[in-house]
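Quick notes on the structure that follows.
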Amino acid sequence: MAVFSAKGDWYLWLFIPNVLLSMLCPVVSSALSAITSKWDVPIFTLPFNILICLHISATGAAHPFFPQVCCQFQAFRVQVFLSVPVGVGQVFGCDNAWTGGVILLALLLCSPTICFHAILGSIAGLALAAPPADVYSGLWGYNSVLSCIAIGGVFYALTWQTHILALTCAFFCAYVSSATSKLMSVLSLPACTWPFCLSTLIFLLLSSANPAPCRLPLAAVSYPEENRRYLRQLKAWGRAQSSIQEATEGMKVESHQI
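To get this note's numbering, take the position in the sequence shown, counting from 1, and add 71.
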């Protein structure tokens, strides 16, 4: 909210809507969870997007106490954009390459898979000429990073098919970011993380006859390396069950022959 405030980051009156929206966030989260639980998909940052857009729509640029910065889409010339670490750092609102590098290092120590897909997602956003100056309003790289991480091993068990799916989702999210930022700028609203939520939910809800992209139940979701171990255990358990079933059927056949 401070990012979109025309009065600056330390405007005292922002304390009131901050507290109110923070109290409403669990309520909206609970309501959305009741809906998304039917499909076993997460709500991501949908409560944040809904409440921020409602607040900005209700106040606007001319409000006497909570004036907002008008969010307008600007066409950028073809130029040398900021490096890939900046795109990752923008997930946390940091447009500094050194800060992005530290975040990448932390991701590498936590999960090399997440770090790798964060880099891929940032490249996907930069490859489609993402504006580097805007952190929240229409930042394609930011949303692509989150989408690539979510699909590439977090909610799907990591396989080479899942890796391709994550890269496809990152590029799709970049296009959605472009369209969303232009559409919402007409209403003077920021794109926030709507592109990430929409594109990732679409890729989580897709159905395929190919069993290779294995979407994990929410109760089993962990970091990618642990998800990979879970998939191996699941396959081993399936093979063991098949062996037991075959042995049981063989014993039944032998008993009938006797």
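By construction, the Cβ of each residue, glycine as well, lies at the ideal position given by its N, Cα and C atoms. From a predicted model like this one, the values you see are computed outputs, not experimental measurements.
(request) Buried or exposed for residue 181, please, with buried defined as at least 16 other CB atoms from any protein chain shown within 10 angstroms of its CB. (result) With fewer than 16 other Cβ atoms within 10 Å, it is exposed.
(request) Could you tell me how far apart the beta carbons of residue 192 and residue 241 are, in whole angstroms, since I believe they sit closer than 8 Å? (result) The distance from the Cβ of residue 192 to that of residue 241 is about 5 Å, consistent with a contact at the 8 Å cut-off.
(request) Tell me, please, which residues DSSP counts as bridged to residue 286. (result) Paired residue(s): 227.
(message) Alpha carbons only, please: which of 125, 174, 85, 281 is nearest the one belonging to residue 96?
(response) Residue 125 is the option with its Cα nearest to residue 96.
(request) Use the C-beta contact count for residue 286: other C-beta atoms within 10 angstroms, 16 or more gives buried, fewer gives exposed. (result) A residue is called buried once 16 or more other Cβ atoms fall within 10 Å of its Cβ, and residue 286 is buried on that count.
(message) Is the beta carbon of residue 173 closer than 8 Å to that of residue 216?
(response) Not in contact: residue 216 and residue 173 (Cβ atoms no closer than 8 Å).
(message) Within the continuous alpha helix (DSSP H) that includes residue 121, where are the two ends?
(response) Where residue 121 is concerned, the enclosing alpha helix (DSSP H) stretches over 117-130.
(message) Please give me, in chain order, every unbroken run of the alpha helix (DSSP H) with length at least 4 that falls completely inside the segment 252-319.
(response) Counting whole runs of 4 or more residues, the segment 252-319 contains the alpha helix (DSSP H) stretches 265-276.
(request) Using the Cα positions of residue 332 and residue 122, report the straight-line distance between them to the nearest angstrom. (result) There is simply no residue 332 to check, as the chain begins at 72 and stops at 329 in what is shown.
(request) Sort 110, 114, 92 by Cα distance to residue 102 and report the nearest one. (result) Considering only alpha carbons, the answer is 114.
(request) Would you kindly check if the distance between the Cβ of residue 117 and the Cβ of residue 244 is under 8 Å? (result) Going by C-beta atoms, residue 244 is not nearer than 8 Å to residue 117.
(request) Thinking residue 165 and residue 158 are a contact (beta carbons under 8 Å), I'd like their distance in whole angstroms, please. (result) A Cβ-Cβ separation of about 11 Å leaves residue 165 out of contact with residue 158 under the 8 Å criterion.
(request) In the DSSP assignment, find the alpha helix (DSSP H) that holds residue 159 and state where it starts and stops. (result) For residue 159, the uninterrupted alpha helix (DSSP H) segment begins and ends at 155-160.
(message) Looking only at its chain, what residues have a beta carbon closer than 6 Å to the beta carbon of residue 251, apart from the 5 residues adjacent to it on each side?
(response) Around residue 251: 262, 265, 266.
(message) At a cut-off of 7 Å, would you count residue 258 as near the ligand SAM, judging by its Cβ distance to the nearest heavy atom?
(response) For the ligand SAM, the structure offers nothing, since it holds no ligand at all.
(request) Out of 256, 274, 177, 98, point me to the one whose CA is closest to residue 224's CA. (result) Its Cα nearest to that of residue 224, the residue 274 stands out among 256, 274, 177, 98.
(message) Distance check for residue 230 and residue 110, CA to CA, integer angstroms please.
(response) Looking at the two C-alpha atoms, the distance is approximately 23 Å.
(request) Within the same chain, show all residues whose beta-carbon is closer than 7 Å to that of residue 112, passing over the 5 residues directly before and after it, in chain order. (result) So the qualifying residues of the chain are 272, 275, 276.
(request) Sort 310, 270, 234 by Cα distance to residue 299 and report the nearest one. (result) The shortest C-alpha separation from residue 299 is found at 234.
(message) For residue 120, count the other beta carbons within 10 Å of its own beta carbon; 16 or more makes it buried, fewer makes it exposed. Which is it?
(response) Looking at its Cβ environment, which holds 16 or more other Cβ atoms inside 10 Å, residue 120 is buried.
(request) Over the uninterrupted alpha helix (DSSP H) stretch that includes residue 169, give me the two end residues. (result) If you look at residue 169, you'll find it in the alpha helix (DSSP H) that goes 168-181.
(message) residue 292 and residue 378 - do their beta-carbons sit closer together than 8 Å?
(response) This structure cannot speak to residue 378, because the chain is shown only from 72 to 329.
(message) On the CB-based measure, 16 or more other CB atoms within 10 Å of its CB, does residue 294 come out buried or exposed?
(response) Of the residues assessed, residue 294 falls on the exposed side of the cut-off, its CB having fewer than 16 other CB atoms within 10 angstroms.
(message) So, with DSSP's three-state summary, where would you put residue 212?
(response) Residue 212: helix per DSSP, three-state reduction.
(request) Given a cut-off of 8 Å, decide if residue 185 and residue 176 are closer than it, judged by their beta-carbon atoms. (result) No, Cβ-Cβ distance for residue 176 and residue 185 is not below 8 Å.
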